[in-house]
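Remarks on the structure that follows.
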Amino acid sequence: MMKKISLFLLLLGAGLGIYAQGVTLQVGNPVSEKFSVERLQRIDHLIESNIDSGYINGAVALIARNGKIVYNKSFGIADVEQKKLMENDNIFRIASQTKAITSVAVMMLFEEGKFLLDEPISKYIPAFAHPKVIDLYNEKDTTYTTVPAKREITIRDLLTHTSGIEYAQIGSPRMNAIYAKSKIPGGFVADKIRLADAMDRLGKLPLTHQPGEKWTYGLNIDVLGYLVEKVSGKTLDQFFKERIFDPLGMKDTYFYIPAAKQNRLVAVYTPDKQGHLVKWSASTLPGIDFDYPKTAGTYFSGGAGLSSTIKDYAIFLQMMLNGGVYNGQRLLARHTVEMMTENQIGDLYINPDKDKFGLGFGITTPTSSAKLGVSPGSFAWGGFYGTLYWVDPKEHLVCLLFIQNWPLPHNAIQDKFRALVYQALVD
1079 MMKKISLFLL
1089 LLGAGLGIYA
1099 QGVTLQVGNP
1109 VSEKFSVERL
1119 QRIDHLIESN
1129 IDSGYINGAV
1139 ALIARNGKIV
1149 YNKSFGIADV
1159 EQKKLMENDN
1169 IFRIASQTKA
1179 ITSVAVMMLF
1189 EEGKFLLDEP
1199 ISKYIPAFAH
1209 PKVIDLYNEK
1219 DTTYTTVPAK
1229 REITIRDLLT
1239 HTSGIEYAQI
1249 GSPRMNAIYA
1259 KSKIPGGFVA
1269 DKIRLADAMD
1279 RLGKLPLTHQ
1289 PGEKWTYGLN
1299 IDVLGYLVEK
1309 VSGKTLDQFF
1319 KERIFDPLGM
1329 KDTYFYIPAA
1339 KQNRLVAVYT
1349 PDKQGHLVKW
1359 SASTLPGIDF
1369 DYPKTAGTYF
1379 SGGAGLSSTI
1389 KDYAIFLQMM
1399 LNGGVYNGQR
1409 LLARHTVEMM
1419 TENQIGDLYI
1429 NPDKDKFGLG
1439 FGITTPTSSA
1449 KLGVSPGSFA
1459 WGGFYGTLYW
1469 VDPKEHLVCL
1479 LFIQNWPLPH
1489 NAIQDKFRAL
1499 VYQALVD
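For the sequence shown, the working numbering assigns the number 1079 to the initial residue and increments by one for each residue that follows.
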């Protein structure tokens, strides 16, 4: 009897040890994780057909279930002109996928008692005190009148994109013009400027609507990147490296890529007037420097600045799926992860599919689940240049598809990829 009890305690201790450590990503057997090998090959055909049709030049895809990587393949070309084949360890501009990492940094500081989510951001960044909302706007000279905001912007408003701050360069024509006049960047920056200076200028500009009134995608997470700097006393790149990247083993994620790794950066392509893909140039989208990852920049955009590999970002997502821990390194408590991945915007929606938003992530609802089969409660986002990810806690899935195209007019590949992941499950 004592032997049985001892064996039970031994097994229980081993199980608790695994839980405390967090599942780490390992190469796995698709069949063991209840995937059909034959059906996974449909993903090969999907990506290859998009390459053959000239819609994209290349892509990398990764699927993991229960921490086991069951699919990780690269296709096509990373740089046509230099004749570089796509490899699994290529580095991509992940753009808005930076937002999830900054949101984690914010919540790490929240867990340390540095601030509360419903405190006004002006308590920490005084430039945002006494916000005003745009009232009348003159298109001819970009002048405007304002009315006082009904309340201050909170940290939660910023995490949920309900502050009323819009995007520079890619937002509405009205706010693009207002932000441009004050030299507010959208996030892809090669110049020697500081996040602090731009965010202090942003704080003095009008909001597009009252705080909490709508969901409006904008520079909210850039503001929070500055908050991390103010509260931690570190630059955002230092905080990320010391508190997130090094503990998780994310060795290929940077704001500005070291010279020795720049040859792994995938080129960005855009369709010309005939629909043929050409390499991004300075005229593709004026004001956006596509080569920013290769510069020695100083602007650490918490909303859009990072570049990464698909494996590095999968590690970050597995940490979230694990409830905040990975390989013995706990970044967040389980309850904090639950807060971040539940509806935080009430009756508002973020898109026509009626997705919700948490603290840094879009959340699949039962309504949007019906579109492609992604489980309700999954959390996801993507990037400006064609990268996407989602985590499905119900199915224990981490899924990513990385492309480097803007725009992506034939973006059915993204929804088809989502659908093909689920059709390959056989349990």
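Note that the Cβ used here is the ideal one computed from N, Cα and C, for glycine as well.
Proximity of the stretch 1487-1502 to the stretch 1446-1456 meets the contact definition, three or more beta-carbon pairs being nearer than 8 Å.
Straight-line measurement puts the Cα of V1403 at about 16 Å from the Cα of A1178.
One alpha carbon belongs to K1192, the other to K1201, and they sit about 12 Å apart.
With a cut-off of 8 Å on Cβ pairs, the stretch 1216-1226 is not in contact with the stretch 1334-1350, counting fewer than three such pairs. Look at Y1222 here: in three-state DSSP terms it is strand. Using a C-beta cut-off of 8 Å, the stretch 1273-1284 makes contact with the stretch 1297-1308, since at least three inter-stretch Cβ pairs fall below that distance. When rounded, the separation of the alpha-carbon atoms in S1446 and E1416 is 20 Å. From the listed residues R1143, V1356, T1286, N1341, the smallest Cα separation to Q1104 is found for R1143. Looking at the backbone, the Cα of L1395 and that of V1469 are separated by about 7 Å.
Cβ-Cβ distances below 6 Å link A1502 to F1113, S1114, R1117, L1118 in the same chain, with the five nearest sequence neighbours on each side left out; the list follows chain order.
Excluding its 5 nearest sequence neighbours in each direction, L1214 has C-beta neighbours in its own chain below 7 Å: Y1222, T1223, listed in chain order.
Excluding its 5 nearest sequence neighbours in each direction, K1472 has C-beta neighbours in its own chain below 7 Å: S1453, G1455, listed in chain order. In the DSSP assignment, the residues bridged to K1210 are P1226. Per DSSP, the continuous beta strand (DSSP E) segment holding P1349 begins and ends at 1347-1349. With three or more CB-CB distances shorter than 8 Å, the stretch 1164-1175 counts as touching the stretch 1377-1393.
Under the criterion of beta carbons closer than 8 Å, L1478 and A1139 qualify as touching, at roughly 7 Å. If the five residues before and after D1505 are omitted, its C-beta is found closer than 6 Å to the C-beta atoms of K1112, all from its own chain and listed in chain order. Per the coordinates, the alpha-carbon of Q1352 lies some 15 Å from the alpha-carbon of W1358. Here V1306 is not near G1406, since their CB atoms are 9 Å or more apart. Counting only the Cα atoms, G1100 lies some 39 Å from D1275.
Within the DSSP bridge table, the entry for T1313 names no partner. If only uninterrupted alpha helix (DSSP H) runs of at least 4 residues are considered, those enclosed by the stretch 1395-1459 are 1412-1418, 1444-1450.
Bridge pairing for R1321: absent [DSSP].
Taken through DSSP and simplified to helix, strand or coil, S1174 comes out as helix. The C-alpha of V1182 is placed about 9 Å away from the C-alpha of L1437. Per DSSP, reduced to three states, the secondary structure at P1204 is helical.
Nearest to N1421 by alpha-carbon distance, out of F1457, V1184, H1474, Q1316, is F1457. In the three-state reduction of the DSSP assignment, N1135 falls in the coil class.
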